[in-house]
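**Student:**
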Amino acid sequence: MFLVSVYELLISVSHYNNSPFFSLIIMKKTMVTSFLLMIMATVLSSPSTNAIVPEIRSTYIVHMAKSQMPAIFNDHTKWYGSSLRSVSGSAKILYTYNNVIHGFSASLTENEALQLQNHPGILTVLPEMKYQLHTTRTPEFLGLDKNADLFPESDSESEVVIGVLDTGIWPESKSFDDTGMNPVPTSWKGICQSGTNFNESNCNRKLIGARYFSKGYEAVMGTIDESKESKSPRDDEGHGTHTSTTAAGSVVESASLLGYAAGTARGMAIRARVSAYKVCWLGGCFSSDILAAMDKAIEDNVNVLSLSLGGGMSDYYRDSVAIGAFAAMEKGILVSCSAGNAGPSPFTLSNVAPWITTVGAGTLDRDFPAYVSLGNGKNFSGVSLYKGDSLPNKMLPFVYAGNVSSSTNGNLCLMGTLIPEKVSGKIVLCDRGVNSRVQKGSAVKAAGGAGMILSNTAANGEELVADAHLLPATLVGQKSGDDIKGYINSDPNPTATILFEGTKIGIQPSPVVAAFSSRGPNSITSEVLKPDLIAPGVNILAGWTGNVGPTGLPVDTRRVGFNIISGTSMSCPHVSGLAALIKAAHPDWSPAAIRSALMTTAYTVYKNGKPLQDSATGNPSTPFDHGSGHVDPVSALNPGLIYDLGINDYLNFLCGINYTDSQINTLARKNFTCDQGSKKYSLNDFNYPSFSVPITTQTGSGSPETTTVKYSRTVTNVGAPATYKVSIKMEGSDVKASVEPESLSFSEANEKKSYTVAFTARNLGAESNKVVFGRIEWSDGKHLVGSPIAVTWT
8 MFLVSVYELL ISVSHYNNSP FFSLIIMKKT MVTSFLLMIM ATVLSSPSTN
58 AIVPEIRSTY IVHMAKSQMP AIFNDHTKWY GSSLRSVSGS AKILYTYNNV
108 IHGFSASLTE NEALQLQNHP GILTVLPEMK YQLHTTRTPE FLGLDKNADL
158 FPESDSESEV VIGVLDTGIW PESKSFDDTG MNPVPTSWKG ICQSGTNFNE
208 SNCNRKLIGA RYFSKGYEAV MGTIDESKES KSPRDDEGHG THTSTTAAGS
258 VVESASLLGY AAGTARGMAI RARVSAYKVC WLGGCFSSDI LAAMDKAIED
308 NVNVLSLSLG GGMSDYYRDS VAIGAFAAME KGILVSCSAG NAGPSPFTLS
358 NVAPWITTVG AGTLDRDFPA YVSLGNGKNF SGVSLYKGDS LPNKMLPFVY
408 AGNVSSSTNG NLCLMGTLIP EKVSGKIVLC DRGVNSRVQK GSAVKAAGGA
458 GMILSNTAAN GEELVADAHL LPATLVGQKS GDDIKGYINS DPNPTATILF
508 EGTKIGIQPS PVVAAFSSRG PNSITSEVLK PDLIAPGVNI LAGWTGNVGP
558 TGLPVDTRRV GFNIISGTSM SCPHVSGLAA LIKAAHPDWS PAAIRSALMT
608 TAYTVYKNGK PLQDSATGNP STPFDHGSGH VDPVSALNPG LIYDLGINDY
658 LNFLCGINYT DSQINTLARK NFTCDQGSKK YSLNDFNYPS FSVPITTQTG
708 SGSPETTTVK YSRTVTNVGA PATYKVSIKM EGSDVKASVE PESLSFSEAN
758 EKKSYTVAFT ARNLGAESNK VVFGRIEWSD GKHLVGSPIA VTWT
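For our numbering, add 7 to where a residue sits in the sequence shown, where the first one is 1.
1. Report buried or exposed for E749, applying the criterion of at least 16 other Cβ atoms within 10 angstroms of its Cβ.
2. With H, G and I counted as helix, E and B as strand and the rest as coil, what does DSSP make of T56?
3. Check whether the segment 102 to 110 touches the segment 365 to 377, taking contact to mean three or more Cβ pairs, one atom from each stretch, closer than 8 Å.
4. Can you name the start and end residues of the beta strand (DSSP E) that V132 belongs to?
5. Rounding to the nearest angstrom, what Cα-Cα distance links G350 and G684 in this structure?
6. Shortest alpha-carbon distance to S201 belongs to which of C287, V545, R218, F405?
7. Using DSSP with H/G/I as helix, E/B as strand and the rest coil, what is N672?
8. Contact between the segment 476 to 495 and the segment 449 to 467: three or more CB pairs below 8 Å?
9. Rounded C-beta distance between T799 and S533? I'm assuming under 8 Å.
10. Is it the case that the Cβ atoms of A334 and L172 are separated by a distance below 8 Å?
11. Short of 6 Å in beta carbon distance, which residues of its chain neighbour G409, apart from the five on each side in sequence? Order them along the chain.
12. Of the choices K452, I68, S357, V379, whose alpha-carbon is the least far from that of Q139?
13. Apart from the five residues just before and just after S525, which ones in its own chain have a Cβ nearer than 6 Å to its Cβ?
14. By how many angstroms is the C-alpha of S313 removed from the C-alpha of P246?
15. Pick helix, strand or coil for L482, following the three-state DSSP scheme.
16. CB-CB under 6 Å to G647, same chain, minus the five flanking residues each way: which ones, in chain order?
17. Would you mind reading off the limits of the beta strand (DSSP E) that contains Y718?
18. Quick one: what's C292 bridged to in DSSP?
19. If you draw a straight line from the alpha carbon of P557 to that of N570, how long is it in whole angstroms?
20. What do you get for S622, buried or exposed, if any count of 16 or more other CB atoms within 10 angstroms of its CB means buried?
21. So, helix, strand or coil for G409, using DSSP?
22. Going along the chain, which residues of its own chain have a beta-carbon closer than 8 Å to the beta-carbon of N529, five neighbours each way excluded?
23. If you follow the beta strand (DSSP E) that R64 is part of, which residue opens it and which one closes it?
24. Once the 5 residues before and after N386 are set aside, which same chain residues still bring their CB inside 6 Å of it?
25. Helix or strand or just coil, what does DSSP make of R526?
26. Which residue from M136, S65, S182, F148 puts its Cα closest to that of T552?
27. Tell me whether A304 is buried or exposed, calling it buried when 16 or more other Cβ atoms sit within 10 Å of its Cβ.
28. Report the three-state DSSP secondary structure of I571 (helix, strand or coil).
29. Nearest by alpha-carbon distance to V778: which of V435, L674, I664, P630 is it?
30. Can you have a look at G625 and say buried or exposed, based on whether 16 or more other CB atoms are within 10 angstroms of its CB?
31. So which of K687, N209, N659 has the shortest CA-CA distance to A7?
32. Which whole-angstrom value is the C-beta distance of V167 and K590, which I expect to be below 8 Å?
33. For W177, write down the residues that DSSP places opposite it in a beta bridge.
34. Does the segment 595 to 608 come close enough to the segment 746 to 760 that 3 or more CB-CB pairs lie under 8 Å?
35. Would you say Y393 and P479 are within 8 Å of each other, going by their C-beta atoms?
This is the structure we're talking about:
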């Protein structure tokens, strides 16, 4: 059983398709798995009947019911230590948690964990989870540059602190310049933690905090090799610096990646403060460290938490990010998380708790074209960020990797599989998959190839993501790739070349939903629509580490101040920064109010009136793809109406999904008992800014022709006195929807009004699993307050 768990842990893949450490991680996992299998095989085949299987220790997070602490203890930490010693004389506490949970983490055997679970006062003992990490143009694209009067450089913005849980920080980045910034807010309680290659002086009035958390990682992966990565807040990988500067980077003129995307770089909230919490290392991010970081971030007094990472789809009370986010929400901290990069398949979302803002990814109107020209005269569009010596001004011999390899999967251009004699001086066509895109180019270059054309397969379709390749290279879509392969197979002497066109602005349509962006529906709670919205996440330029090149590969000796990468990891900090702007403008708003403002003002159509597109299909995207739509920060500052939620609403939600007292206590850190006898808990009344309506199909004779369900919502006026009128649209004729009342009149600010929506759906019988989408909009002539609808038959 343990071996299976370890194997499942080891086969988890890197945080985004182009991770520079992908192959290293896979290699390490393969070696460790083989080693474990060898140990087990040796033990099981031993002729001795007294063979002893060594006790394997794993990290567990122990959730305690603080209210049940025995009177003999005057300090809960002593109680924790006593509980641990009762099952193990050698185990030591890794972390004690004070804010996100009541409890601790420790390295235990499976038997010790089981014993501990049965002790009084212990709610649950959960095994460690591994999580993966899932700009010059975006301020203009989002309208921030044209509306400077709406985003004044006020003291209130400089009071907002964004905490970023990631791979750390590169403090020398120009994006952390603190020129002209006020002193650090007096409410700030954080520190700048010293460590390898990092000390207190690396922080300033912009980067006001930095911590690192490695105990959980080291308990699983062993001591950190400080010759390969810094045991400190320093970012050796680049991801954390990229996300932090996207959220709140200072203005940097003449920024670019190797000349691409040139312009003035800035984060979303340029005067907000940043605090970095390093929880991710070369081998991954572990839940005990993540919880410890969230615990400290709450203590430090951050206002927004940004987590571009995820760990699957566990129940909320088993997911450390959801547990920590619940505590943060209760303290008034908005938590923004990436939706994941497992799209376009359905049910692939992570971070779906309703107290988390879940962010998918869309494209910009900027591209980096690099065209393929074939010897038969045909040309194909691709993208690339290659900057170096160009190909000779002539057609070069052209080969398919699968035909010039010593491996059965040679088409993937794995390192060492290409035959130099058949590759040297030629352009090589490689298929996408398994290893990173830039690593394929490195393999071609190592074999003597002159250039690479990388072709998408069905898994990626027509979506194009640009990379700073080490040799002349471009990425083309699946259809183009198939046509190019057809040319290679039909021409006895195929030739090709690549033409690089630099940076192009104004690409339309934009935005479109990125194919990699994880999709709904919500696999845990079908009544809560996720993702919440999308934001720019493709080819995003932001700050970078000085420790590795733009590809992250060891052979890449280039050093850049900015890099262009893609993922929902990039879209998440856009929303984190925008949330900071709204928090500065409306300091009394709750996290739910801020999320509501972002969601209800998001747009779902282009300026020409046509619906947003999905790059995976080329068809209109749906609320399962884009949530409420693409973020519109200018409108979000003045949304008109908001849907608010408080701690009691979330507790009632937990009762509505039938959580036990113990499970609720794990999240809420206090005793709470659902009043199932006299109170009806309905998710239909959960005041979320969207509508997800599951319909149970009724079959058999005598079944009614239709089923009607009612949802209620309460909106709060945050604008001037006004009357809002409703409009509602549903696709097709299988669902009818009506709203009561059809208008809401507000005479003062913060006034609340409620309404009910009745959804009447046909019983479709065998046509189950159908989905119908729609939209509700309230308008006073100045504001448009929109909510998506998804009706699903099950």
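Every residue, glycine too, gets a C-beta built ideally from N, C-alpha and C.
**Tutor:** Walking through what the data contain:
1. exposed
2. With a pLDDT of only 37 at T56, under 50, the local geometry of the prediction cannot be trusted, and no value is derived from it.
3. no
4. 129 to 134
5. 42 Å
6. R218
7. helix
8. yes
9. 7 Å
10. no
11. G417, N418
12. S357
13. A346, G347, A349, G350, T355, L356
14. In the sequence under discussion, the amino acid at residue 246 is His, which differs from the Pro named in the question. C-alpha separation (whole angstroms): 13 Å.
15. strand
16. G726, H790, V792
17. 713 to 724
18. Y138, C287
19. 6 Å
20. buried
21. helix
22. L356, V359, V535, L536, K537, S699
23. 64 to 71
24. Y378, S380
25. coil
26. S182
27. buried
28. strand
29. P630
30. exposed
31. Outside the displayed range of the chain (8 to 801) lies residue 7, so it cannot be described from this structure.
32. 5 Å
33. DSSP, once it has assigned bridges, lists no residue as partnering W177.
34. no
35. yes
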